[in-house]
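The structure appears right after this line, and notes come after that.
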Amino acid sequence: MQNGHAVLDDGRAELHRAMTGKPVIFDEVCYEGDIAKRWGNLSAEAMVERFWWGTIGGTYVGHSETFASDRNADGSWLGQGGVLRGHSAPRLAFLRGILENGPAPGVDPIQTWWGYRLAGKDQDYYLRYFGADTPAEWPVVLPGKGAGALHSYRADIIDTWNMTITPAGTFTMAQMNDYDVHDPARPTLALSGKPWLAVRLVRV
Numbered sequence: 042m043q044n045g046h047a048v049l050d051d052g053r054a055e056l057h058r059a060m061t062g063k064p065v066i067f068d069e070v071c072y073e074g075d076i077a078k079r080w081g082n083l084s085a086e087a088m089v090e091r092f093w094w095g096t097i098g099g100t101y102v103g104h105s106e107t108f109a110s111d112r113n114a115d116g117s118w119l120g121q122g123g124v125l126r127g128h129s130a131p132r133l134a135f136l137r138g139i140l141e142n143g144p145a146p147g148v149d150p151i152q153t154w155w156g157y158r159l160a161g162k163d164q165d166y167y168l169r170y171f172g173a174d175t176p177a178e179w180p181v182v183l184p185g186k187g188a189g190a191l192h193s194y195r196a197d198i199i200d201t202w203n204m205t206i207t208p209a210g211t212f213t214m215a216q217m218n219d220y221d222v223h224d225p226a227r228p229t230l231a232l233s234g235k236p237w238l239a240v241r242l243v244r245v
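Take the position in the sequence shown, starting the count at 1, then add 41; the result is the number in the working numbering.
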């Protein structure tokens with residue numbers, strides 16, 4: 042739970058997708074807003090977080106807003122349309138741009154139940170999202186074995202809230218164990234210790 046709300050994470054999202062075997066749209070992850078109802082008072086940060094976890098889980102998330110002067114959702118954007126007032130929409134557009142510049146037709150969850158928390162295209166493109174966590178570094182470990190997994194990747198640190206992308210050098214993978222690869226010369230990527238970060242790895 043987070044501020045009284047259940048948190049959507051990549052595991053819960055992928056579970057729905059695996060169960061149905063079809064594309065999954067999360068249309069009710071609650072809304073950014075200020076109404077009294079528990080489903081209509083998410084912070085912008087929580088709204089954006091749910092989109093990122095849904096993406097890492099290989100699903101699609103729906104957006105709306107419930108800001109209303111009388112705290113009645115019927116008079117909000119959800120009920121009437123109009124002008125978006127919240128802070129999540131531009132950050133969701135930023136996420137959309139990242140996905141549009143990624144592999145076609147999109148990203149898939151990668152070995153969700155082994156704790157990698159990755160989405161992308163195996164051996165080619167990876168997104169790792171940290172949500173509200175604030176790590177100072179990330180051990181760059183990818184699933185893979187054999188010569189076909191020993192590639193080099195360009196890293197970018199993505200600040201999903203401030204909407205910045207910072208180049209972070211290259212990782213050249215070698216076999217780490219029976220299941221994973223890493224760069225023995227550079228086993229970790231330094232991070233800022235702030236929330237709402239993601240890392241993108243693109244094969245070069």
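Backbone N, C-alpha and C define an ideal beta-carbon position, used for all residues, glycine too.
Here the stretch 125-136 does not lie against the stretch 148-161, with fewer than 3 beta-carbon pairs under 8 Å apart. Here E55 is buried. Its C-beta has 16 or more other C-beta atoms within 10 Å. Counting only runs of 3+ residues, the beta strand (DSSP E) found wholly inside the stretch 189-235 occupies 193-200, 205-213, 221-223 and 229-231, in chain order. D174 and P236 have their C-alpha atoms spaced approximately 5 Å apart. By the Cβ test, the stretch 111-118 is not in contact with the stretch 166-184, since fewer than three Cβ pairs between them sit closer than 8 Å.
For E141, the enclosing alpha helix (DSSP H) stretches over residues S129 to E141. Listed as beta-bridge partners of G74 by DSSP are T107. Within its own chain, the residues whose Cβ lies closer than 7 Å to the Cβ of F92, once the five positions on either side in sequence are excluded, are V102, L133 and L136, listed in chain order. Contact between the stretch 200-215 and the stretch 227-243 is present, with at least three C-beta pairs closer than 8 Å. Assignment of E86 by DSSP, reduced to helix, strand and coil, places it in the helix class. Note on geometry: alpha-carbon atoms of I206 and A188 lie some 30 Å from one another.
For W118, the enclosing alpha helix (DSSP H) starts and ends at W118 to Q121. A straight line joining the alpha-carbon of A226 with that of Q164 spans about 20 Å. Taking L230 as the centre and dropping the five residues before and after it, the same chain places the C-beta of E178, W179, V181, A196, A209 and V240 closer than 7 Å to its C-beta, in chain order. Cβ atoms of D149 and W94 stay farther apart than 8 Å, at about 15 Å.
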